[in-house]
Every structure is written in C-alpha cells, then in structure tokens.
Amino acid sequence: MERTQSKVLHLERTQALETWAQSTKTKLTQVNGQRKYGGPPEVWDGPTPGAHCEVFISQIPRDTYEDQLIPLFSSVGPLWEFRLMMNFSGENRGFAYAKYASPAVAAEAIRLLHGHMLEPGVFLQVSRSTEKRQLRVGHLPASTRQQGLLQVLRGLAQGVERVCVTAGPEEVSAIVAFSSHYAASMAKKMLAEAFKKLFGLTVSVQWQPTVKPDEPVARHNLSFPSPLKPPRLIYYPPQLETQALHPPSRPPGFCRAVGGPTASQHRHLPCSSTAASPLMVVRNARETTTTLDQMDLTT
818 MERTQSKVLH LERTQALETW AQSTKTKLTQ VNGQRKYGGP PEVWDGPTPG
868 AHCEVFISQI PRDTYEDQLI PLFSSVGPLW EFRLMMNFSG ENRGFAYAKY
918 ASPAVAAEAI RLLHGHMLEP GVFLQVSRST EKRQLRVGHL PASTRQQGLL
968 QVLRGLAQGV ERVCVTAGPE EVSAIVAFSS HYAASMAKKM LAEAFKKLFG
1018 LTVSVQWQPT VKPDEPVARH NLSFPSPLKP PRLIYYPPQL ETQALHPPSR
1068 PPGFCRAVGG PTASQHRHLP CSSTAASPLM VVRNARETTT TLDQMDLTT
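Just so you know, we're using the working numbering here: the sequence shown kicks off at 818 and counts up by one.
Listed below in structure tokens is the structure:
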C-alpha cells in the first residue's frame, strides 16, 4: 500500500516542491485541474501581456513539478504566469503553459528551450501556444437572443466578452469570445453542466476551430474580430435574422447594465461587468424556480 502511494504521488518530489515554494516564497494555486503561479505574480512591473506571449510545453515527466520548471523558464525572462496541468493523483498531466511579458521573450523561450534535456533521455517540447479564446455552444433553443444569452453567460463564467448567435442548417449555436484562454478553458469545463442544472437544457460546448486566412468561412460559422481590434457591429444576413433573431425590443428581462429596464415580475440571473460565481448563480436558482419561458436566453 505504501509503495503504491509513493509511486503514484511521488512523495519525495512533492516534498522538494514544498521546500522550494517555502524558501522562495512562491505562491501556487490549485484551480480545476491545474496549478497556477502568477497571473500576475505578486511583484510585476509592466502591463498585462497581450497575444502571442504564451508558450506551450509538453513531454514533461509526470513527477516533475514547478521547482524545476519555473526556474528553467524564468531564466529566459520574467514569468507573468505559469500553469501546470495536474491529475488528482498528484502527478502532472505532461504539459504546461508559460506566459511572458512580450511575444519577443516568448519566441526566445522557444528558441532556447525547445529540445532542452530536462533529465537523461527526456527532452522538452516548447512551441507557440494557440491561446484559443472562443467556444461554440450548440443545441440552443430556436428563440435564443444574443443579448439575453450574453447576460446568462456572464452570470455563469468569468471573462465573457462577446456572443454571436448563428443559425446553421440544423441548429442554433453561439460563438462566445473570452478575455483569455484561461477563462475560456474554465468555462468549457462547467458550462454544459450549468445549463443542465439551471435550465434543463442539454447543450454542447466545444472549442471554436481556428480558421486559416485562406480558408473560406461558412455563413453559419461567423467569428469575431481580433481581440486586439476595437469591437464592431456584426452583420447578420437576412436568412439568419428570420431564423434565430427577433426584432429589437425592450423586454422586461433586460438589465440596467445594458441600458434596459429591470424586470419587476421575475428574478433573473445577475448581469454586470463583473461576472458572478457559478455557485452564487446556483444558489439563486434554488431560491426561485426558473422555467425556459422565464430564462434570460430569450430576452
């Protein structure tokens, strides 16, 4: 029993990690299957990193932890964030993400550390992170409105920036843009279950595929402008308007945060620039019964 536990949890490596964290005063936070450093760290001099500042690290031995990885990747430049994917057993999942202050430093990390021999016979793979920030939520009700869905999603997940509702040949779906890859990945883990518990809806939640510049974009596969560009109005062809969207109106479900009146006869999910936690939304849902006709998806 003790041998099995030692083999699975790598107690010696774990103790070395704890000793290192205490001696360097490094704070690590365990969040939903990953252990995070920084984002930003306690001492950070500079702006929040933009796009192309993150690298993807793979081929990490399962008993290797931050006490070895963070010093190695910090040798290239200051780390804004380091995320190591973890299993419940105490092993890492073999990959991690490191984010730097600029794309130039990230490129230097790839040049210096791709193929780095971490231990005899073990070579790290380091490449540019795709930093996906968009999810596709499928199998939505035909009456789903864009503004209502935006407010519901902001009540369930953090970092929701924009929503684009589209009507394909077989279903109504939405492309949801987030402020970061981390926010999108956290939402991907919980949105399907949240929709099922709160509204009795079975929706699909997947990564939105990245479209190459020379690849034609289908009309039902609309995407958003680059996060670096200012938001703009998105044009919907007449076919989509008649299938999925309603004429502009000011129904009671609009929240004050988006310029509409607050509903007096029903309580709705909170909507504000600061997203509420899913636990708070679930607690509110227990206090008042929400039906499909009352939910903010259709307002």
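Heads up, the beta-carbon is just placed ideally off N, CA and C, and yes, glycines get one too. If you're wondering where the values come from, they're calculated on a predicted model, not measured in any experiment.
- In the structure shown, residue 936 adopts extended strand secondary structure according to DSSP, grouped into three states.
- DSSP places residue 835 within a helical segment (H, G or I) once states are collapsed to three.
- Boundaries of the beta strand (DSSP E) harbouring residue 990: 989–995, taken from the DSSP string.
- In terms of Cα proximity to residue 895, the closest of 963, 1012, 865, 876 is 865.
- The distance from the Cβ of residue 1025 to that of residue 957 is about 15 Å, inconsistent with a contact at the 8 Å cut-off.
- The stretch 872–887 makes contact with the stretch 897–916; the number of CB pairs closer than 8 Å reaches 3 or more.
- Between residue 990 and residue 977, the CB-CB gap reaches or exceeds 9 Å.
- Three or more Cβ pairs closer than 8 Å define a contact, and the stretch 961–981 falls short of that threshold against the stretch 888–903.
- In this structure, residue 973 sits near residue 1004, with a CB-CB distance shorter than 9 Å.
- Beta bridge pairing from DSSP links residue 870 with no other residue.
- In the structure shown, residue 1011 adopts helical secondary structure according to DSSP, grouped into three states.
- If you draw a 10 Å sphere on the C-beta of residue 997, you find 16 or more other C-beta atoms in it, and that means buried.
- Bridge partners of residue 898 according to DSSP: 855, 916.
- If you ignore the 5 residues before and after residue 849, its C-beta comes within less than 7 Å of the C-beta of 1003, 1006, all in its own chain and listed in chain order.
- Cβ neighbours of residue 839 within its own chain (closer than 8 Å, five residues either side excluded): none.
- Burial check for residue 1016: the Cβ neighbour count within 10 Å reaches 16 or more, so the residue is buried.
- Residue environment for residue 940: exposed (fewer than 16 other C-beta atoms within 10 angstroms of its C-beta).
- For residue 929, the secondary structure class from DSSP, reduced to helix, strand or coil, is helix.
- With fewer than 16 other Cβ atoms inside 10 Å of its own Cβ, residue 860 counts as exposed.
- Looking at the DSSP output, residue 952 shares a beta bridge with 993, 1024.
- Apart from sequence neighbours up to five positions away, the residues of its chain that approach residue 834 with a beta-carbon distance below 7 Å are 882, 883, 884, ordered along the chain.
- Close CB contacts of residue 1023 within its chain, under the 6 Å cut and outside five residues either way in sequence, are with 953 (chain order).
- Residue 891: member of the alpha helix (DSSP H) spanning 883–891, first to last residue.
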